[in-house]
Every structure is written in structure tokens, then in C-alpha cells.
Amino acid sequence: MPIDTRTILTALTMQKKLAAIVLIFLLHESAAQQQPLTATIELTFHSDLIEIATIKSIAVSQKPLTPPPTPGPYSLVIYDDKNNEIQNIQFSVDYTEVKDSQGLTVQIPRTFTLPYTDKWHHIEIKKQQQTLATQQIATKLCNFDNLCNNLENHLTCQKDCTQSSPDGLCETIKDGTCDPDCTPQEDPDCLVQRARCGDGTCNPPRENITSCPQDCATTTTTTTTTTTITYTPTSTTENTATNPTTTIETARCGDGTCDSDETPQTCPQDCTQNQQSNSPALPLSDMLMGKTASPYPIILLMIGLSSIIYLIYRMKSG
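Under the working numbering, think of the first position of the sequence shown as -7, with each following residue one higher.
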């Protein structure tokens, strides 16, 4: 069977086209995943007797760059740690464009989104050769202290700020964790879970006492329980408690116990002649006053006193 060279060339051409399409797709996906970092810088200007410029905020993200501003006498200059100039953006500020009700100039904002690198060290705002404001930003963008604060986020300082942490940056990566800086429409993970700092629940490892003290602060709660038992009298011989049930009975003859007010004469079934009463011995004063149920102690006491008196009499007469 003869080989059709044209067919082979056509097949090879189709394969090359498919390979090129696949390569372009992969490059596009890789570029989408590795978007360049940008920094959005917000400035404010105010002029009464003295012109004042303020660096309001700096946030690193992957936002698109702003168009080049209209050149003017003002400049935003970014330096590295050796004071080498990295970027110089020239712009204008028109103080006649914003007036308050009294015709006075109010604060005028200016916002720039510029390409960002980790070589940024400090920023200066100048008007011609006059420096209006300066700010050191290197340690604020990342200081490696294991705390996600200042200007840090996951893009500028991955050591201090973990992915999807509360750092002011919305990361839409599907990683099973809802970024607290995103809305459910931005982060698909938030459609499943909506835990964020401030919801009253500490959600480790993303939240801890440092990153979210309002949810993870240690608190101690003490609970005291008091139980009251009320007794309701039912008769002269017993009281019944409503909860639990308790019966209190008085001593009586025939209960099998020889009590303090019982003797062999008054209650022989409880007290025998040889059985000693459960009551403690009465004081001598009570015996002399007849406050004892038995006469024998009094008789013995009288015999003893008589013997003593007789001995005293014999000693005196002799």
C-alpha cells in the first residue's frame, strides 16, 4: 500500500497545532496563578499655611496597576535599603478641585497601584526638591516575629501570616479554609464554612490568642448551686421534709432504748436494774435538788455526810 505523504504532513501539522494550543493554555494558567505583586499606596494632601502630605496606607496584593498619572511637580519615590531609587512616579495635585462649603481646601486623596518587590525599604513624597513625607516600610511589610500585624499579609510575609489568615488580604485559593477577609462570593471555601475572627468561636490553627484575642481569650466562669430543703411540721412527734423525705421521732417508753427520763421503775421494758441509763451523770446540785429519777444516789450521799459528821464529833470529844 503506497504511503500518502500529504496525509502524513497534514497529521503532523494538526499535532503541532494541538500541542501549541495546549502549551498556550498551560502558560496562561501558570501566568494566572503567578500574578505579579502590586502595592496600593494611598496619600492625602492638605494645604493651609503649610502643605502637608500623609502616607495613609500601603497594601500589597495582586490588583491591576493604575494608569500613569498626569505628570506634575510632586513625586512618589521608592528606595531600597541602600537608598537606591527603585521607582519614581511624578504626579500633580490640584488644590482648586476640592473645596468645602466655606471655599477652603479639604484633604485631597491620591492612590497609586505600583509593581511591588521585596526590595522596598522606604518611601518619600516630594514636591520638587522638598520632602513632604517619608516612611520606612521594610519592617512593617515583614519583620519575622511570628505575628501577623502592621502591613504584613501572606504575600509579603509568609512566615508571619499563614495562608487564608486574617491579614486584610482576600485569597480566593480553594484550600478548604474560608479566608476571613473574603466574602462567600469571593472565596468558594466560605460557602461551606463561615468562621471568621469575631464570631465568638476560636477556630485553630487559623485563630489563636494572638491573631484573634476576641475569640480565643481565656475566660473563667464560676457557677454556684444552692439547694434548700424545707420541712413542714405534720405532728408533735415528727417533721416531714418536702425533698428528701425525713422523719424525726421523739423518745418514748417501749422503743427499746433506756433514755434519760426512763428508769427501771418508770419503764421496765426499756430499763433493767443492771442497765445504766444513756443519760449522762447529773451534777451534784441537781441531785441535791431532787432532779434525779432514782433515790439511791441521795441516800448514799446522806450516809457519807453522816459518817463525816460523826468522825468530826469523835475527834473533838476525844
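The beta-carbon is built from N, C-alpha and C at its ideal position, and this holds for glycine as well.
Note that the structure is a prediction, hence the values are computed from the model and not measured.
CA-to-CA distance, residue j to residue i, given in whole angstroms
{"i": "Q54", "j": "T148", "result": "11 Å"}
{"i": "D137", "j": "N145", "result": "13 Å"}
{"i": "F104", "j": "T58", "result": "6 Å"}
{"i": "H113", "j": "D73", "result": "5 Å"}
{"i": "Q120", "j": "P65", "result": "5 Å"}
{"i": "G315", "j": "S309", "result": "There is no way to answer for residue 315, as the model of the chain reaches only from -7 to 310."}
{"i": "T213", "j": "T202", "result": "Caution is warranted here: a pLDDT of 45 is assigned to T213, below 50, making its placement in the model unreliable, and no coordinate value can be reported."}
{"i": "E77", "j": "C140", "result": "28 Å"}
{"i": "S39", "j": "C204", "result": "40 Å"}
{"i": "I129", "j": "K48", "result": "12 Å"}
{"i": "Y108", "j": "D179", "result": "24 Å"}
{"i": "N200", "j": "C194", "result": "7 Å"}
{"i": "A209", "j": "N142", "result": "21 Å"}
{"i": "I165", "j": "C182", "result": "11 Å"}
Counted within 10 angstroms of its Cβ, other Cβ atoms place residue i as buried (16 or more) or exposed
{"i": "R306", "result": "exposed"}
{"i": "E254", "result": "buried"}
{"i": "I312", "result": "This structure does not reach residue 312, given that the chain is present from -7 up to 310, and the question cannot be answered."}
{"i": "G248", "result": "exposed"}
{"i": "D167", "result": "exposed"}
{"i": "I295", "result": "exposed"}
{"i": "L303", "result": "exposed"}
{"i": "L133", "result": "buried"}
{"i": "T169", "result": "buried"}
Proximal residues to residue i (C-beta, below 7 Å), its chain only, five neighbours per side dropped
{"i": "N80", "result": "S67 and V69"}
{"i": "L161", "result": "S53, N145, H146, L147 and D173"}
{"i": "C263", "result": "C250, E254, T255, P256 and S269"}
{"i": "L29", "result": "V52, Q54, Y108 and L147"}
Nearest-angstrom beta carbon gap, residue j and residue i [assumed within contact, 8 Å]
{"i": "Q85", "j": "F37", "result": "Residue identity check: residue 85 is Val in the sequence provided, not Gln. Correct: roughly 5 Å between the Cβ atoms."}
{"i": "L124", "j": "A45", "result": "4 Å"}
{"i": "P158", "j": "D173", "result": "6 Å"}
{"i": "S156", "j": "R198", "result": "7 Å"}
{"i": "D207", "j": "G190", "result": "7 Å"}
{"i": "E116", "j": "T131", "result": "Wrong, their Cβ atoms sit about 17 Å apart, outside the cutoff."}
{"i": "F83", "j": "P61", "result": "4 Å"}
Close beta carbons around residue i, own chain, < 6 Å, minus the five adjacent residues each side
{"i": "H20", "result": "Confidence is the limiting factor: at H20 the pLDDT is only 43, short of 50, which leaves the residue's position unreliable, though a coordinate-based value still follows. No residues qualify anywhere along the chain."}
{"i": "S188", "result": "In the sequence as displayed, the identity of residue 188 is Arg instead of Ser. Same-chain partners within the cutoff: P172."}
{"i": "K118", "result": "S67"}
Would the region 27 to 35 and the region 152 to 167 be scored as touching if the rule is three or more Cβ pairs under 8 Å? Contact between the region 27 to 35 and the region 152 to 167 is absent, because fewer than three Cβ pairs lie under 8 Å.
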